[in-house]
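Peer 1: In UniProt numbering, the protein residues as written are 1 to 397.
Cβ coordinates follow ideal geometry from the N, Cα and C atoms, glycine included.
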Amino acid sequence: MLERLTAMPPDALMRAARTFAADPRKEKINLGVGIYYDAAGHVPVLEAVRRAEERIGGGRSWPYLLVEGLPGLFRGALDLAFGPALAGDAGTRTAVLQTPGGTGAFRLGAEMVRSLEPRTVAAVSDPSWPNHEAVLRAVGLEVRRYAYAGEGSGGPDVEGMIRDLEALPRGSLAVLHACCHNPTGWDPTPSQWERIVVAIAHRGLVPFVDMAYQGFGDGLAADSLPVRLAVAACAPVFVALSFSKSFSLYGERVGALCVVARDGAEAALLAERGRALVRTLYSSPPTHGALLVSEVLSDPVLHRDWEDELGAMRGRIRDMRSGFTERLAAGNAPRDFSFVKEQKGLFSYSGLTARQVGRLREEHAIHAIEDGRLCLAALNPGNLDRVVDAVRGVCMR
Ligand code: PLP
Ligand code: TYF
1 MLERLTAMPP
11 DALMRAARTF
21 AADPRKEKIN
31 LGVGIYYDAA
41 GHVPVLEAVR
51 RAEERIGGGR
61 SWPYLLVEGL
71 PGLFRGALDL
81 AFGPALAGDA
91 GTRTAVLQTP
101 GGTGAFRLGA
111 EMVRSLEPRT
121 VAAVSDPSWP
131 NHEAVLRAVG
141 LEVRRYAYAG
151 EGSGGPDVEG
161 MIRDLEALPR
171 GSLAVLHACC
181 HNPTGWDPTP
191 SQWERIVVAI
201 AHRGLVPFVD
211 MAYQGFGDGL
221 AADSLPVRLA
231 VAACAPVFVA
241 LSFSKSFSLY
251 GERVGALCVV
261 ARDGAEAALL
271 AERGRALVRT
281 LYSSPPTHGA
291 LLVSEVLSDP
301 VLHRDWEDEL
311 GAMRGRIRDM
321 RSGFTERLAA
331 GNAPRDFSFV
341 KEQKGLFSYS
351 GLTARQVGRL
361 REEHAIHAIE
371 DGRLCLAALN
381 PGNLDRVVDA
391 VRGVCMR
């Protein structure tokens, strides 16, 4: 067996996470990994989550959750995915399973698709979060790419995206980023989303919406627009929810998969299929983070406070985007970075080359992804000037 052992190189994000961890310089800054840091440079403990933790209390026992997870989480997950108005109706024909993070939700959804139709073609945006393609390939689906990053820096190439989606075989999976596209930071506008979903429905594609950054774009309701449009036009619809960023619970691994069917009977069969798959993958999901999220989502006061905290995180990133753009524009600007202010979410596809990213790391201890992706949620008033000076420096020559 070991004669067959060959290298499996890490993807760019894994590589960047390792390189950062191994960098001994105290002044290092991590603009690589997709994590929200507060103004003091810490991964925050949200106040609503802290209060939820107080309520659930310590000293409790930890039996297994059900295979599908904590039922108390499902209502909250449906409300987030569809909005309270649609959750009532669509919720009656939706299978929900708690999963280990958004990655677990995406993998479980992909497993479900493969178990139903192993010849399904899946299409991801070009570029996309590298794990999309890796997970789809891991379950044995054929992966294609649809155009996404525009030529210049003016936003997504929606025409190219629609053209490529319309060329897919009927029944293909269309993987969509609900908001805060990773890595570009470019999202379609609401009217562009309407056109995209019409094209998807018309071609008979199956939308798989990955929602890992809900609340970081324009707010919880606005950010779930693609899900609501897809549910109104298509069935099935797969939705992978991640609570890692929105609750700052990265290592707790909390997520959920929602699969919307045509009716309640189909949804029950999908849930049963999901449980059978989970049983062979990890048997049941972890408890602690799910209890925290469920407590926050089911208590109106905690829910409101959490939404306010999410709004403050979103606002802080916007301030950092403005600060980054304006400081670079002042003085002798190496080039125009004003698009950074227009992008949404944690990331910016900055246009920095792999060589410039390498120089940021070697000369300035500033880590980013080699495709030029920067995590602007790691900027703060204490490191902004240093980052701006370093970016200006590597762009000059
Ligand atoms: N989908 C996208 C687009 C992401 O960027 C991420 C995390 O970075 C995930 C899914 C998975 O998140 P989780 O950490 O909850 O597995
Ligand atoms: O897009 C991102 O930044 C995430 C974060 O080992 C990540 O994928 C990167 C590497 C890793 C775990 C999470």
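Looking at R170 and G219, is the spacing between their C-beta atoms short of 8 Å?
Peer 2: Within the sequence shown, the letter at position 219 stands for residue 219. Within the sequence shown, the letter at position 170 stands for residue 170. No, Cβ-Cβ distance for G219 and R170 is not below 8 Å.
Peer 1: So what's P207 in DSSP terms, helix, strand or just coil?
Peer 2: Your numbering for residue 207 matches position 207 in the sequence shown. Correct three-state label for P207: strand.
Peer 1: Opposite D126 in the DSSP bridges: which residues?
Peer 2: By 1-based counting over the sequence shown, the position of residue 126 is 126. Beta-bridge pairing links D126 to A147.
Peer 1: Got a sec? Which residues, its chain only, sit under 6 Å from T103 by beta carbon, not counting five neighbours each side?
Peer 2: Indexing the sequence shown from 1 puts residue 103 at position 103. Excluding positions up to five away in sequence, the list is empty.
Peer 1: Three-state secondary structure (DSSP) at G69?
Peer 2: Mapped onto the sequence shown, residue 69 falls at position 69. In the structure shown, G69 sits in a strand (DSSP, three-state: E or B).
Peer 1: Does the structure place the stretch 111 to 118 close enough to the stretch 137 to 146 that three or more beta carbon pairs sit under 8 Å?
Peer 2: Yes, the stretch 137 to 146 is in contact with the stretch 111 to 118.
Peer 1: Judging by CA-CA distance, which residue of R144, D79, V43, T287 is the nearest neighbour of S56?
Peer 2: Numbered from 1 along the sequence shown, position 56 holds the residue referred to as residue 56. Checking the displayed sequence, the identity of residue 56 turns out to be Ile instead of Ser. Here the closest residue by C-alpha is T287.
Peer 1: Do you know whose CA, among K26, D23, H42, M14, lies nearest S248's CA?
Peer 2: Taking the sequence shown and counting its residues from 1, the one referred to as residue 248 is at position 248. Per the Cα distances, H42.
Peer 1: Who are the Cβ neighbours of D11 in its own chain at under 6 Å, not counting the five residues just before and after it?
Peer 2: The residue you call residue 11 lines up with position 11 of the sequence shown. Taken in chain order, the residues that qualify are P130.
Peer 1: Can you find at least 3 beta carbon pairs, one from the stretch 280 to 297 and one from the stretch 119 to 133, that sit closer than 8 Å?
Peer 2: Verdict: no, contact absent.
Peer 1: Assign W186 to one of two classes, buried (16 or more other C-beta atoms within 10 Å of its C-beta) or exposed (fewer than that).
Peer 2: Counting from 1 along the sequence shown, the entry for residue 186 is found at position 186. The residue in question, W186, is buried, as its Cβ has 16 or more Cβ neighbours within 10 Å.
Peer 1: Taking the CB atoms as reference points, tell me whether A174 and L165 lie closer together than 8 Å.
Peer 2: Sequence index remark: in the sequence shown, residue 174 carries index 174 (1-based). Sequence index remark: in the sequence shown, residue 165 carries index 165 (1-based). It is a contact, given that the beta carbons lie within the stated cut-off.
Peer 1: Can you tell me whether DSSP reads V175 as helix, strand or coil?
Peer 2: Position 175 of the sequence shown, counted from the start, is the residue given in the question as residue 175. Of the three classes helix, strand and coil, the one that applies to V175 here is strand, per DSSP.
Peer 1: Assess, as a yes-or-no matter, whether the stretch 368 to 384 is touched by the stretch 27 to 38 under the definition of 3 or more beta carbon pairs within less than 8 Å.
Peer 2: Taking 8 Å as the limit for Cβ pairs, the verdict is that the stretch 368 to 384 does touch the stretch 27 to 38.
Peer 1: To the nearest angstrom, report how far apart G345 and Y36 are at their CA atoms.
Peer 2: As a working note, residue 345 is residue 345 in the sequence shown. As a working note, residue 36 is residue 36 in the sequence shown. Between G345 and Y36, the C-alpha separation is close to 10 Å.
Peer 1: Taking only heavy atoms of the ligand TYF into account, decide whether any of them is closer than 7 Å to the Cβ of L13.
Peer 2: On the sequence shown, position 13 is the one that residue 13 refers to. Checking every heavy atom of the ligand TYF against the Cβ of L13, one is found closer than 7 Å.
Peer 1: Between which two residues does the alpha helix (DSSP H) containing S115 stretch?
Peer 2: Position 115 of the sequence shown holds residue 115. S115 -> alpha helix (DSSP H) spans 101 to 116.
Peer 1: With three or more beta-carbon pairs closer than 8 Å as the criterion, would you say the stretch 249 to 261 touches the stretch 269 to 288?
Peer 2: Taking 8 Å as the limit for Cβ pairs, the verdict is that the stretch 269 to 288 does touch the stretch 249 to 261.
Peer 1: Say yes only if the C-beta of G393 is nearer than 7 Å to one or more non-hydrogen atoms of the ligand TYF, and no if none qualify.
Peer 2: Translated into the one-based positions of the sequence shown, residue 393 becomes position 393. G393 Cβ: outside cutoff for every heavy atom of the ligand TYF.
Peer 1: So, for E53: in the same chain, excluding its five sequence neighbours on each side, which residues have a beta-carbon less than 7 Å away from its beta-carbon?
Peer 2: One-based indexing of the sequence shown puts residue 53 at position 53. Excluding sequence neighbours, E53 sits near L292.
Peer 1: Could you give the distance in angstroms between the alpha-carbon of F339 and the alpha-carbon of R304?
Peer 2: By one-based count along the sequence shown, residue 339 stands at place 339. By one-based count along the sequence shown, residue 304 stands at place 304. Cα to Cα, the separation comes out at about 32 Å.
Peer 1: What are the start and end residues of each continuous beta strand (DSSP E) run of 3 or more residues lying completely inside the stretch 241 to 281, in chain order?
Peer 2: Runs found: 255 to 260.
Peer 1: Determine the contact status of A271 and A95, defining contact as a CB-CB distance below 8 Å.
Peer 2: Along the sequence shown, read from residue 1 onward, the residue named residue 271 stands at position 271. Along the sequence shown, read from residue 1 onward, the residue named residue 95 stands at position 95. A contact, by the Cβ cut-off of 8 Å.
Peer 1: With DSSP run on the structure shown, which of helix, strand or coil describes H367?
Peer 2: To locate residue 367, count along the sequence shown from 1; it is residue 367. Three-state result, H367: strand.
Peer 1: Buried or exposed: where does G315 fall if 16 or more other Cβ atoms within 10 Å of its Cβ makes it buried?
Peer 2: Within the sequence shown, residue 315 is the residue found at index 315, counting from 1. The residue is exposed, with fewer than 16 neighbouring Cβ atoms inside 10 Å.
Peer 1: May I ask whether a heavy atom of the ligand TYF can be found less than 7 Å away from the beta carbon of V33?
Peer 2: As a working note, residue 33 is residue 33 in the sequence shown. Because some heavy atom of the ligand TYF lies under 7 Å away, the Cβ of V33 counts as near it: yes.
Peer 1: Would you kindly report the start and end of the unbroken beta strand (DSSP E) that includes R15?
Peer 2: Counting from one through the sequence shown, the residue named residue 15 turns up at place 15. No beta strand (DSSP E) contains R15, which is instead part of the alpha helix (DSSP H) from 12 to 22.
Peer 1: Taking 7 Å as the cut-off, is the CB of N30 close to at least one heavy atom of the ligand TYF?
Peer 2: Translated into the one-based positions of the sequence shown, residue 30 becomes position 30. No, the ligand TYF has no heavy atom inside 7 Å of this Cβ.
Peer 1: Let me check understanding here. Comparing Cα to Cα, which of S350, L2, L384 lies closest to I369?
Peer 2: Sequence index remark: in the sequence shown, residue 369 carries index 369 (1-based). If we check each option's Cα against that of I369, S350 comes out closest.
Peer 1: Using C-beta distances below 7 Å, list every residue in its chain close to R335, excluding the 5 sequence neighbours before and after it, in chain order.
Peer 2: As a working mapping, residue 335 is identified with position 335 in the sequence shown. If we look at R335 and ignore the five residues flanking it on each side, its Cβ neighbours are C395.
Peer 1: Count the other CB atoms within 10 Å of the CB of G274; is the residue buried (16 or more) or exposed (fewer)?
Peer 2: Working through the sequence shown from its first residue, we reach residue 274 at position 274. So G274 counts as buried.
Peer 1: Which stretch, first to last residue, makes up the alpha helix (DSSP H) that contains L292?
Peer 2: Here residue 292 refers to the residue found at position 292 of the sequence shown. Segment 288 to 298, the alpha helix (DSSP H) holding L292.
Peer 1: Excluding the five sequence neighbours on either side, which residues of its own chain have a C-beta within less than 8 Å of the C-beta of F20, listed in chain order?
Peer 2: In the sequence shown, the residue the question calls residue 20 occupies position 20. Closer than 8 Å at the Cβ level, and outside the excluded window around F20, lie K28, N30, G32, V33, H367.
Peer 1: Do the stretch 71 to 89 and the stretch 183 to 200 touch if we need at least three Cβ pairs shorter than 8 Å?
Peer 2: No: the two stretches stay apart, fewer than three of their Cβ pairs being nearer than 8 Å.
Peer 1: Which residue marks the beginning of the alpha helix (DSSP H) containing F339, and which one marks its end?
Peer 2: Reading the sequence shown from its first residue, position 339 is the one you call residue 339. 339 to 342 is the span of the alpha helix (DSSP H), which, as asked, contains F339.
Peer 1: Looking at the strands, I want to know which residues DSSP matches up with Y213.
Peer 2: Here residue 213 is taken as the residue at index 213 of the sequence shown, counted from 1. DSSP, once it has assigned bridges, lists no residue as partnering Y213.
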